[in-house]
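Protein chains in written order, with the numbering used here: chain A, 1 to 253; chain B, 254 to 506; chain C, 507 to 759; chain D, 760 to 1012. Here a beta-carbon is modelled for each residue, glycine too, at the ideal position from N, C-alpha and C.
Protein chains: 4
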Amino acid sequence: MRIDINADMGESFGAYKIGNDAGLMKSITSANIAAGFHGGDPSVLRETIRLARAHGVAVGAHPGFPDLVGFGRRAMNVTAKECEDFVLYQIAAVAGVARAEGVALQHVKAHGELFNMAFTNADLAAAIARAVAAFDKSVLLFAFPNSEVVKAGRALGLRIALEIFADRAYEPDGQLVSRRKPGAVIHDPELVVARAVKMIAERGVVAVDGTFVPLEADTICLHGDTPGSDQLAAKLRSGFEATGVTVQAVGAR
Amino acid sequence: MRIDINADMGESFGAYKIGNDAGLMKSITSANIAAGFHGGDPSVLRETIRLARAHGVAVGAHPGFPDLVGFGRRAMNVTAKECEDFVLYQIAAVAGVARAEGVALQHVKAHGELFNMAFTNADLAAAIARAVAAFDKSVLLFAFPNSEVVKAGRALGLRIALEIFADRAYEPDGQLVSRRKPGAVIHDPELVVARAVKMIAERGVVAVDGTFVPLEADTICLHGDTPGSDQLAAKLRSGFEATGVTVQAVGAR
Amino acid sequence: MRIDINADMGESFGAYKIGNDAGLMKSITSANIAAGFHGGDPSVLRETIRLARAHGVAVGAHPGFPDLVGFGRRAMNVTAKECEDFVLYQIAAVAGVARAEGVALQHVKAHGELFNMAFTNADLAAAIARAVAAFDKSVLLFAFPNSEVVKAGRALGLRIALEIFADRAYEPDGQLVSRRKPGAVIHDPELVVARAVKMIAERGVVAVDGTFVPLEADTICLHGDTPGSDQLAAKLRSGFEATGVTVQAVGAR
Amino acid sequence: MRIDINADMGESFGAYKIGNDAGLMKSITSANIAAGFHGGDPSVLRETIRLARAHGVAVGAHPGFPDLVGFGRRAMNVTAKECEDFVLYQIAAVAGVARAEGVALQHVKAHGELFNMAFTNADLAAAIARAVAAFDKSVLLFAFPNSEVVKAGRALGLRIALEIFADRAYEPDGQLVSRRKPGAVIHDPELVVARAVKMIAERGVVAVDGTFVPLEADTICLHGDTPGSDQLAAKLRSGFEATGVTVQAVGAR
């Protein structure tokens, strides 16, 4: 059994620092790197790629809405064409800076509300998939199981990496419990690790109503904006390794 | 004899239109395409690359200062590292979107005040050259003859395309007459064309004091923000062709 | 009978020109001035206020979504608090620059998609009304008849100016015909003027199905982004004056 | 004897937090509040004004260069007109939001590199002074003693508040020691407090060469971006009070 651990990286901007890139980079295997639209800037982008390379962490583009003050977390009614174009632009920027650092782009993962909307919005999902396919069909697309992104990616012949969330509760239908409901986010690090290990071992998750939901997973997402996230990442990695799960970038297989 | 005709393209932004891309694209051979920092946006960028491809015009990146409201025309005291990083980012964005459209990046030409400052500022010139070299050593760097950019590019083993200006007067030392002096810009289209043809035929220019200044040129720059620029471009192209000069993208040689 | 003619102004940005401010300013009586979020910049703002003052045109703030590349025309899922704060900020900026030019702020009119959403979104309408009330309860709020903005403004004791549209068709319920339907926008200048004059004379409009919809109006909106908008504005003004309607800024009563 | 303690506030932006506003606000008497150009956003601006009001801290506008990614710390070659216009805009925004919160604008203090450049650049100093005068001649202008800002402000009849720096070394001519020289910034909190108290008591400062430089001061600046800045502010305030210096907003006199 194998799993990839991914986290959002490179979201600092100028004098503004956010996240814990240096801490997390020690334990993750894939970095979703901001491209300057919801966070990040050209210097942060380059330094984050260098940091990933130094840790042997695979590099992905993390395109978001063009909304810096909203950190890409606010729904925007963009057209499919606008979406395709700004996702392509952001993939291009990350991939090109990575190329200058001798690193190939492994994957693309949409950020924030763009990621959320594309779960169910087939137009946006197709726009994201078209941007990836236009850039390079060999680049992996990270997608939530059973989402529109999976369908759109497969329709274009893209390689999909299915993603689960270590610190989020699941509905019986395999969707995430909405953040507006209590218990949506799991805060206890021990529980997060135990759950994650079990999700991989059992190829599924126990939903909030106790039912077992089968869930294939290629990569598991960690959030770096919480205190202690670097320690959680380290524990998660050792938790996997202790149970015989190989922790490895998904593109390395 | 051969010459490339280049012009700045893709500087519109959202609802804001600027320049005359469709008109000029019929006559030029190289397009310097804005990357969203001084002008341009992801959709404009992509459409401009498609337009260039449709006309067989070579595509270059046109990186500028991060100053949209100033259109990249105001000096900014950026560090060499900041400059290298934002130039690399802009090259990456243009090259990656071009790649998605099946077009290889031919060249890089700095925009506006970054272009002006790099004439004489060796640190900025070296930063620009490092960004090009880091991205791809086979990409051409457009540079003003005898400028610091030429030196910096050659020091890194880059291929340089020397650039002359059709509508600008020259000092006896080969520099452009400052725009603050009278006669710096030549407005008469017939004169612009006649001068340009002569510059290529005689491998030099007659300076404001009447002396002849030898000037090798690979490419000649046209400005698209003036009324009638598309007709001037057409006249310039026929002017060259009528005197046996092949008009061809510099990278096509 | 009296009517105010309003138009959006000051939406140029840096080197980018949009609209026909100088042409329209001769005929309108109220200017809705952009504040830099969807369009406009500090210098454009100030020059537009000076232009309005020179023509005796009343000055209003025209707050929009923080989306320059989308020109404020894309829905954004902002919170009511965010909306209240950025509307207040934009009112403050326009009013303060106007004050420096010796001009009092007459009104506030939301821009683009913020305007559209606030028709029916009570939370956004209340946020806009709260921003106006917090700044100055004597400032007029422009609102579409029967919209949530009217209710929210009245609930806070604001003075409302009801607005009609010269070039838009109406549904039998008094709503605008959606721009996605044919016939939503009336392009014939003669028809626009005839309709507008009739709307004021008869205090209502003939809807697309032929029924008469009573509509009180304090101000009528003209769009300046179409060719010939300055001539249309002049014709509209003379049309009103020829039928005995006084054309006057709504705040001047 | 009296002194005002000022600090830069409200420089957070969206999800990005910077500074220690809540900690410092307990001890300072004047807040220089960012207006969204080098830092700050509409919601941060309003919350910072509310925080200042809650602590009885006077509110000032802190206009900076339009360079968010550079935090206003990079020289930009703006024209005097551009500078006047964007300073006026930023004053208007802060003053108008303050007005909505029932707070009058006390002062204006330029930020970062704009502040530095205006020491010696008479054109920028005059532009800043014109912006303040155009907005409201009763607003105080914070200025470095003997700087061009003092001259420009006095020439327009503005009230000037002279400012000293608690944590910076001085040259014998009364200028700050450049940050590029060793010893430019004093890091020991005890020394900072002792120096500051002495500067007020003796109406001057001991320069790096040991000579005494007479310096009148109305306000003393603290930097909030260092760890422990809130404790330093508290110590500075008690240090003044222990020596009989009244700590009070400069506009309260």
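* To do: Would you mind sorting Glu722(C) into buried or exposed? The rule is 16 or more other CB atoms within 10 Å of its CB.
  => Residue environment: Glu722(C) is assigned as exposed (fewer than 16 neighbouring CB atoms within 10 Å of its CB, all protein chains considered).
* To do: Throw me the rounded Cβ distance for the Ile258(B) and Leu429(B) pair, which I believe falls under 8 Å.
  => At roughly 18 Å, the Cβ-Cβ gap does not stay under 8 Å, so Ile258(B) and Leu429(B) are not in contact.
* Could you say which of Pro442(B), Thr472(B) and Glu443(B) lies nearest to Arg456(B) if we only look at CA atoms? => Thr472(B)
* Selected residue, minimal CA-CA separation from Glu696(C), among Ala628(C), Asp715(C), Gln737(C) and Ser684(C) -> Gln737(C)
* With 8 Å set as the bound, which would you pick, yes or no: does the beta-carbon of Arg299(B) sit closer than that to a beta-carbon of chain E? -> Among the protein chains of the structure shown, namely A, B, C and D, there is no chain E.
* Using a Cβ-Cβ cut-off of 7 Å (strictly less than) and excluding sequence neighbours within five positions of Pro319(B), which residues of its own chain qualify? -> Contacts found: Phe290 and Phe339.
* To do: Measure the C-alpha to C-alpha separation of Phe903(D) and Asn121(A) and round it to an integer number of angstroms.
  => 57 Å
* Asked: Which runs of the alpha helix (DSSP H) spanning at least 4 residues fall entirely within the region 921 to 1008 of chain D, listed in chain order?
  -> 948 to 961 and 988 to 1001
* Bounding residues of the alpha helix (DSSP H) (the contiguous stretch that carries Leu594(C)) -> Ala586 to Ala606
* To do: Determine, using beta carbons only, whether Asp462(B) and Pro425(B) come nearer to each other than 8 Å.
  => yes
* To do: Please list the partners that Leu88(A) has in chain B, where partner means a Cβ-to-Cβ separation under 8 Å.
  => Pro295, Arg299, Gly349, Val350 and Ala353
* Asked: Under a three-way DSSP split, which group does Leu662(C) fall into?
  -> coil
* DSSP three-state assignment for Asn905(D), whether helix, strand or coil -> coil
* Hey, is the region 885 to 902 of chain D in contact with the region 845 to 857 of chain D, meaning 3+ C-beta pairs nearer than 8 Å? -> yes
* C-beta neighbour in chain D for Phe641(C), strict 8 Å -> yes
* Counting pairs of beta carbons, one from the region 59 to 76 of chain A and one from the region 350 to 365 of chain B, are three or more of them closer than 8 Å? -> no
* Interface residues of chain C facing Ala75(A) [CB-CB closer than 8 Å] -> Ala581, Met582 and Asn583
* Please name the residue or residues paired with Phe13(A) in a DSSP beta bridge. => Tyr16(A)
* Asked: Applying the criterion that 16 or more other CB atoms from any shown protein chain within 10 Å of the CB defines a buried residue, is Arg605(C) buried or exposed?
  -> buried
* Report back the beta-carbon spacing between Glu607(C) and Ile534(C) to the nearest angstrom; my notes put them in contact at under 8 Å. => About 18 Å; that fails the 8 Å criterion.
* Run through the region 519 to 564 of chain C for me and flag every whole alpha helix (DSSP H) of 4 or more residues, listed as ranges in chain order. => 527 to 530 and 548 to 560
* To do: Closer than 8 Å by C-beta to Asp389(B): which residues in its own chain qualify, once you throw out the five before and the five after it? Chain order, please.
  => Ala348 and Leu358
* At a CB-CB cut-off below 9 Å, which residues of chain B make contact with Lys17(A)? -> By Cβ distance, chain B contributes nothing, its closest Cβ being about 17 Å from Lys17(A), past 9 Å.
* Length of the line joining the Cα atoms of Ala790(D) and Ile160(A) -> 52 Å
* Length of the line joining the Cα atoms of Leu377(B) and Cys336(B) -> For Leu377(B) and Cys336(B), the distance between alpha carbons rounds to 7 Å.
* To do: Could you name the residues of chain A that Gly829(D) contacts, counting a contact when the two beta carbons are closer than 7 Å?
  => Gly14
* Just the Cα atoms here: how many angstroms apart are Thr1002(D) and Val956(D)? -> 8 Å
* Asked: Can you tell me the Cα-Cα spacing of Phe878(D) and Asp947(D), whole angstroms?
  -> 27 Å
* **Nearest neighbour of Tyr16(A), chosen from Gly23(A), Ala7(A) and Ser43(A) [CA to CA]** => Ser43(A)
* To do: Can you tell me which of Ser937(D), Ile945(D), Phe971(D) and Ile887(D) puts its alpha carbon nearest to the alpha carbon of Leu917(D)?
  => Ile887(D)
* Go ahead and label Ser482(B) buried or exposed: buried means 16 or more other beta carbons lie within 10 angstroms of its beta carbon, across all protein chains shown. => Per the 10 Å Cβ criterion, buried.
* To do: Residues of the region 931 to 962 of chain D with a CB closer than 8 Å to any CB of chain B: list them in chain order, please.
  => So the list is empty, because no residue satisfies the distance condition.
* **Best match in Arg927(D), Ala992(D) and Arg954(D) for proximity to Pro941(D) [C-alpha to C-alpha]** => Arg927(D)
* To do: Please determine, among Lys26(A), Ala54(A), Glu47(A) and Met76(A), the residue with the shortest C-alpha to C-alpha distance to Gly10(A).
  => Glu47(A)
* Could you spell out where the beta strand (DSSP E) holding Leu68(A) opens and where it closes? => No beta strand (DSSP E) contains Leu68(A), which DSSP labels as neither H nor E.
* Hey, quick one: how far does the beta strand (DSSP E) through Val361(B) stretch, first residue to last? -> Judged by DSSP secondary structure, Val361(B) falls within the beta strand (DSSP E) whose first and last residues are Leu358 to Val361.
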